[in-house]
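Okay, structure first, notes after.
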Amino acid sequence: MRNSSGNLIYLTDYLKPINDADLQYYLLSPRNPPPEYTKLHDDVFDFWLSIWKPTLAAIGYSDSHLHEDFIRQDVVSCICAGDKVVGVLLFAFYSLDAKAPKTFRYMTENYPEEFFTKVKAMGVRTAMSMQYLAVHPDWRGKMNPQAPIGLLTVGMSYRVRDLYGIDASIAPARKDHKVNDLTKAHQSESIISDFISHNVPCDLIACLSGKPYEHASPQIRAIEKALWENRIDTTTSSSVAPKIKKTA
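Each residue of the sequence shown is one higher than the last, beginning at -10 in the numbering used here.
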């Protein structure tokens, strides 16, 4: 990778607990990947299902809508280490002024009307819903304390929000798996605490555009900056990265 000055950045300088892997951040279409990214899209989908099907089973929640919950998104983000998918987070964009989005199943199950009233009072009219974070078990915080993939995946989401000009990122952040701590580490605010979503307690969080979101750690900030500057965005006609990086 290179930084904005054109100098090489070796992520392995930061990621020594991660077996010298090179990380790449991708933005994907959930339904219509370019032909050269079809394999990556399939790998992301299969990985995501492998995490969420047993997760929903463990908490006694139906997975009958799970496949649809992937393809209905606006953007799918992922982090790959070499040819391995290690982190995925899904994004859906909503107008909070319109009636229809707030009647959608996912929104009614995860957000009470009180949440929308509070964030609209903060000036939020458009929201990017962050959904279904999936992190490879071997790449979570305890395995890689210098650069936990969950933290990086969440941190990159705020740049996606700003890329699309959305007023706020929102999410039901699970407390039992400390996902709420990942969001708070990037300055998200808990709007409603201890809301039961998918049968588990969550903080319903929001992070407003224009407010600081960078992590306190200079190391984490440097990694996120490098990932963003070298991202491959397959949802547009061109990528920021200089060339296509295919998985094996």
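Note that beta-carbon positions come from the ideal geometry of N, C-alpha and C, so glycine has one too.
Contact under 7 Å by Cβ, residue i with residue j
i, j, result
"residue 155", "residue 117", "yes"
"residue 238", "residue 218", "Any property of residue 238 remains undetermined from this structure, which presents the chain solely from -10 to 237."
"residue 50", "residue 188", "yes"
"residue 34", "residue 74", "no"
"residue 96", "residue 158", "no"
"residue 160", "residue 194", "yes"
"residue 162", "residue 196", "no"
"residue 78", "residue 122", "yes"
"residue 62", "residue 23", "no"
Residue burial classification, residue i (beta-carbon count within 10 angstroms, cutoff 16)
i, result
"residue 185", "exposed"
"residue 48", "exposed"
"residue -9", "Because residue -9 carries a pLDDT of 43, less than 50, the predicted location of this residue cannot be relied on, and the following value inherits that uncertainty. Per the 10 Å Cβ criterion, exposed."
"residue 21", "exposed"
"residue 7", "Residue placement at residue 7 is poorly supported in this model, since its pLDDT is 44, which falls under 50; the coordinates still yield a value, given next. Result: buried."
"residue 177", "buried"
"residue 222", "buried"
"residue 137", "buried"
"residue 27", "exposed"
"residue 102", "exposed"
"residue 57", "exposed"
"residue 213", "buried"
"residue 92", "exposed"
"residue 220", "buried"
"residue 125", "buried"
"residue 46", "exposed"
C-beta neighbour in chain C for residue i, strict 7 Å
i, result
"residue 36", "Included in the structure is just one protein chain, with no chain C present."
### Query
Taking the runs of the beta strand (DSSP E) that are 3 residues or longer, which of them lie wholly in the stretch 87 to 129?
115 to 124
### Message
Contact between the stretch 13 to 21 and the stretch 67 to 87 is defined here as three or more beta-carbon pairs at a separation below 8 Å; is this criterion met?
### Response
yes
### Query
Taking one C-beta from the stretch 105 to 114 and one from the stretch 136 to 149 each time, how about it: are there three or more such pairs within less than 8 Å?
no
### Task
Pick out the complete alpha helix (DSSP H) segments inside the stretch 197 to 223, 4 residues or longer, and give them in chain order.
207 to 218
### Task
Could you name each continuous alpha helix (DSSP H) segment of 4 residues or more that falls completely within the stretch 7 to 84, going from the start of the chain to the end?
27 to 47 and 55 to 60
### Query
Curious, which full-length beta strand (DSSP E) runs of at least 3 residues does the stretch 146 to 197 contain?
157 to 163, 178 to 186 and 189 to 197
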